[in-house]
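In the numbering used here, the protein residues as written are -15 to 602.
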């Protein structure tokens, strides 16, 4: 395609398109969510996520793989001019709407090119015919496509025929992804498994209010008839997944009979902060929720273990964190915003939510892919120092502020806040919001400690080893890697019997109740990396024993690494070294089977050489 000087674009698509594809979407579910945002913005009350699968033959078996993905809604639809703009980067029609979900003008093209090479879009307004345009990465790279093709009246792709057996909606939009080269999951079952919890959480309010129904459908290609046929068994409606647990009908397993139909938590507290700008008020609401004592009592009656080991406790463990809500839609669930670690027992029994309008995007640091608000982070002395000149204040004063929050009675600490407010009102406003989040977390956590009984009918042993910081941190990292690096044996549901046998074999648990307590803590907190000290041959540095559910890292107490390093350094330094060993164990688990044996041999050789280096002068 020849381009005259007058037509020369500011950015040549063929050059930058690969960079644009690396746009930071965490996985396919987040990319799909961008399109659902557009549907809800267009006032759709029904959105469909449709997977088209085609069978293929491999290794003597017939398998299926996703060939296309469609997002279909019954929203307002778009005229040709708006449709053309929708596929152009930065052409949002919602940019000036301070309350809408979409305003960055990046959602449709950004999310689509992150997953596929071809995107086709049809849209039609009330009682009109569908107009069509597209993005084609191959054509863009070849310089054949420098601008969005002008929309034309075009029939829908034949694969969509079965979707509208009862007729097309009066208005709506169809987005079809094909040539799928960057999907995180290759089958419809995987797509549903990984997106149900996330999409249900993002749009929990819309789904709960019956404002929007999101349906998952699967169509399988019928080779005999040459068309796609729906698998009705796989048709499902997404349910709300509420980390605040204030919704009675959700993805949470059905509660015990005595409390069925109830929301498990109650609203503990609600606070508001108001930002005033050009005569307008923008409200930030912070909510906290807590477990109802009668619900906890009903749960503990079902088990001889602690409540966290129950299906309800395990579900709640996956929703620990502070939910960041923007325009009725969740951006993120932050697990490290408050002191309560996601693997600590009490953290799962309460919820916290920050709710703000898009008008405050700049203050909270909302990214254009709407996956996070980067300015919402734990309050630390370093954060305060980045906000203002703190040279006038001592480290102790800053530490007091970050640990305890603002103390009005303390004139010195109040002076710091006054200086922050004067230097940067937006930073001060953000600080006050984050400080309230921290205070609420402490209050509701204390409330639950005083009112809830977590043990079931039988209490576990009292002398068992407590979960360590590197166990919790390494487990979190391992869990986070599943989406990008795939599931290993250690990521599956824990085999309690195998875990019990390995722990007994360490010789660290002479008491049966202590073994049981240790196993319960590991399972209910979804711990994937466990450290134990054992006595092994001198040259053995550490061993990795992977059972279903977790990796056991066995540290040899006789090896000089243990006696000369681990026993001599600070706890913080030892924790850091253990995380290094956990990374090695994870590398072994993620490696192909033909490499795992090599890594094990290398680990053993490392132990032998390390022994020589540490004892050479003795």
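Built from N, CA and C at the ideal position, the CB exists for glycine as well.
No experiment lies behind these values; they were computed from the predicted model shown.
Taking the Cβ atoms as the reference, residue 18 lies roughly 7 Å from residue 354, within the contact range of under 8 Å. The DSSP-derived three-state label of residue 187 is coil. In this model, residue 189 and residue 197 are separated by some 11 Å (Cα to Cα). Per the coordinates, the alpha-carbon of residue 512 lies some 43 Å from the alpha-carbon of residue 259. Here residue 25 is buried, its C-beta having at least 16 other C-beta atoms within 10 Å. Note on geometry: alpha-carbon atoms of residue 11 and residue 429 lie some 32 Å from one another.
The region 174 to 233 contains, as complete alpha helix (DSSP H) runs of 4+ residues, the segments 188 to 192 (chain order). In this structure, residue 212 places its C-beta atom within 8 Å of the C-beta atom of residue 203. Sequence-distant partners of residue 556 (beyond 5 residues in either direction) whose C-beta falls short of 8 Å from its own C-beta are missing from its chain. Sorting 291, 60 and 163 by C-alpha distance to the C-alpha of residue 112 places 60 at the top. Excluding its 5 nearest sequence neighbours in each direction, residue 580 has C-beta neighbours in its own chain below 7 Å: 572, listed in chain order. Residue 131 counts as exposed, since fewer than 16 other C-beta atoms from the protein chains shown sit within 10 angstroms of its C-beta.
The residue among 119, 136 and 151 with its C-alpha nearest the C-alpha of residue 128 is 119. Under DSSP, the beta-bridge partners assigned to residue 250 are 274.
Distance from the CA of residue 338 to the CA of residue 516, rounded to the nearest whole angstrom, comes to 39 Å. Scanning its chain for C-beta atoms nearer than 8 Å, with the 5 sequence neighbours on each side dropped, one finds around residue 299 the residues 235, 236 and 237, in chain order. Along the region 97 to 165, the beta strand (DSSP E) occurs as fully enclosed runs of 3 or more residues at 102 to 108, 115 to 120 and 156 to 162, listed in sequence order. If you ignore the 5 residues before and after residue 487, its C-beta comes within less than 8 Å of the C-beta of 493, 499, 502, 503 and 516, all in its own chain and listed in chain order. In the DSSP assignment, residue 28 falls outside any beta strand (DSSP E), carrying neither H nor E. The beta carbon of residue 277 sits closer than 7 Å to those of 435 and 436, all from its chain and outside the five residues before and after it, given in chain order.
Residue 49 has its alpha-carbon roughly 15 Å from the corresponding atom of residue 43.
Taking 8 Å as the cut-off, the beta carbon of residue 508 is found closer than this to the beta carbon of residue 292. For the pair of segments examined, the region 310 to 318 was found not to touch the region 404 to 418: the number of CB pairs separated by less than 8 Å stays below three. A distance below 8 Å separates the beta carbons of residue 141 and residue 160. The beta carbons of residue 62 and residue 70 sit closer together than 8 Å.
In the displayed model, residue 335 falls within a strand according to three-state DSSP. Taking residue 594 as the centre and dropping the five residues before and after it, the same chain places the C-beta of 525, 543, 544 and 545 closer than 8 Å to its C-beta, in chain order. A Cβ-Cβ contact shorter than 8 Å links residue 205 with residue 37. The Cβ atoms of residue 34 and residue 15 do not sit closer than 8 Å to each other. For residue 577, the enclosing alpha helix (DSSP H) covers residues 577 to 599. Take the alpha-carbon of residue 360 and the one of residue 340: they are about 12 Å apart.
Residue pairing by DSSP places residue 534 opposite 531 in a beta bridge. Distances from the alpha-carbon of residue 207 to those of 254, 148, 46 and 134 put 46 closest.
In this structure, the beta-carbon distance from residue 157 to residue 29 does not fall below 8 Å.
Between residue 490 and residue 518 a beta carbon distance of about 5 Å is seen, short of the 8 Å cut, so the two are scored as contacting. Contact check for residue 560 and residue 550: beta-carbon distance about 11 Å, past the 8 Å limit, so the pair fails to qualify.
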